[in-house]
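K.L.:
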Amino acid sequence: ELLLQNIFLLIGIVILNYVTGYIWGVNIFRSSSQFKTELQEGLFAKLIRMRKPFFEKFRSGDMLTRFSSDVESIEELLGYGVMTIVYAGGMIIFIIPTMLFISWQITLLSLMPLLTMIVVMYFIGQYLEKKIERNRDAVGVLNNGVLETVEGVRVIRAYSQKEMLGQDFRSKTQSLREDNDAIILVQATYGPAFVISLTLSTVIVLGLGASFVQTGQITLGQVLALQLYIVSLLEPFSMVSDIILCLLYTS
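Spelled out as structure tokens, the structure:
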């Protein structure tokens, strides 16, 4: 009878967790979408009140980029970013104190590779930020070129400038593709880097754990528990890298 009660209790907790997670996720993404709409409306209202010197200083392509991709990056940060911060932060706050309670020596040493990787990711992020800013400028230049071409299409036809403008467009898109490839290559290092750090943490836990078991400081079950907790940290730390990317795109 007690077993059945525990089973029904577990099922109820799972259902409650799913329902609350669903409602929470829907509200977060709905709020971020609403914020995006209000931000774009506010930007447009501000834009139509600007005078001629503003439009002479800023290109149309730059403003189009700000209205589209930049606003979408902010929306992603407020939606997926907030959800990830709460989820990853909650897991880290729960797991690390539990590990410290089991063995603070093994925990501190096993966390060193992960903490070191976060520092490395910060410096990689600084390099990536420059790449992203360069890519944003390239998108603005490309958008501005397309708008100017569309506005002056009759002049282009009259003076037979199609080939020259076509070559210029291909050159800009090729440069933009190369910038995107460079950003993707840097982003691709995040996942393997955390896997490597997790592997080093695992080796530390097993090596020190075996030594501590022999001296009777902890049990084999506690070593296995520490190992499971270390593996569980992979997901929240990888989410932290996603948050870093979101922040870079919205900076």
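Under the working numbering, think of the first position of the sequence shown as 6, with each following residue one higher.
C-beta atoms are modelled at their ideal positions from N, C-alpha and C, and glycine is treated no differently.
#1: Look at Tyr234 and Met104 and say whether their C-beta atoms are less than 7 Å apart.
#2: If you drop the 5 nearest sequence neighbours on each side, which residues of the same chain put their C-beta closer than 6 Å to that of Ser108?
#3: Taking only the alpha-carbon atoms, compute the straight-line gap between Leu147 and Arg141 and give it to the nearest angstrom.
#4: Using the three-state DSSP reduction, which class does Ser108 fall into: helix, strand or coil?
#5: State buried or exposed for Phe99, treating a residue as buried only when at least 16 other CB atoms are found within 10 Å of its CB.
#6: Against chain D, with Cβ distances strictly below 7 Å, would Ser36 count as a contact?
#7: Cutting at 8 Å between CB atoms, please list the residues of its own chain near Arg71, excluding the five before and the five after it.
#8: Which whole-angstrom value is the C-beta distance of Val218 and Leu231, which I expect to be below 8 Å?
#9: Secondary structure at Ala187, three-state DSSP: helix, strand or coil?
#10: Given this structure, state the Cα-to-Cα distance separating Ala163 from Ser176, to the nearest angstrom.
#11: Thinking C-alpha only, which one of Gly214, Ser246, Ser243 and Met244 is nearest Thr112?
#12: Short check: CB of Ile248 to CB of Thr121, under 7 Å?
#13: Can you give me the C-alpha to C-alpha distance between Ile18 and Ser37, rounded to a whole angstrom?
#14: Kindly indicate which three-state DSSP category Leu238 falls into: helix, strand or coil?
#15: Just how far apart, CA to CA, sit Arg159 and Gly86?
#16: Ser202 and Pro118 - do their beta-carbons sit closer together than 7 Å?
#17: Would Ile123 and Gly84 qualify as a contact pair, given that the criterion is a beta-carbon distance under 7 Å?
#18: Looking only at C-alpha atoms, which of Met68, Lys41 and Leu8 sits nearest to Ser78?
#19: Assign Pro241 to buried or exposed, taking buried as 16 or more other Cβ atoms, counted over all protein chains shown, within 10 Å of its Cβ.
#20: Span of the alpha helix (DSSP H) holding Ser216?
#21: Who are the near neighbours of Gln227 in its chain, counting only those whose CB is closer than 6 Å to its CB and skipping five residues on each side?
#22: Take the Cβ of Leu238 as the centre, count every other Cβ of all protein chains shown within 10 Å, and call the residue buried at 16 or more, exposed below.
P.N.:
Short version:
#1: yes
#2: Here Ser108 has Ile223 as same chain residues with Cβ atoms under 6 Å from its own Cβ, once five neighbours each way along the sequence are excluded.
#3: 10 Å
#4: coil
#5: exposed
#6: As a matter of chain content, chain D is missing from the structure shown, which is built from one protein chain.
#7: Leu48
#8: Beta-carbon to beta-carbon, Val218 and Leu231 are separated by about 11 Å, too far to satisfy the 8 Å threshold.
#9: helix
#10: Any reading at Ala163 is ruled out, since the residue's pLDDT is 49, under 50, leaving its predicted position unreliable.
#11: Gly214
#12: no
#13: 28 Å
#14: coil
#15: For Arg159, the pLDDT reaches just 49, beneath the cut-off of 50, and the residue's location in the model is therefore unreliable, although a value from the coordinates is still provided. Answer to the nearest angstrom: the Cα atoms are 46 Å apart.
#16: yes
#17: Not in contact: Ile123 and Gly84 (Cβ atoms no closer than 7 Å).
#18: Nearest to Ser78 by alpha-carbon distance, out of Met68, Lys41 and Leu8, is Lys41.
#19: buried
#20: Tyr195 to Gln219
#21: Ile107
#22: buried
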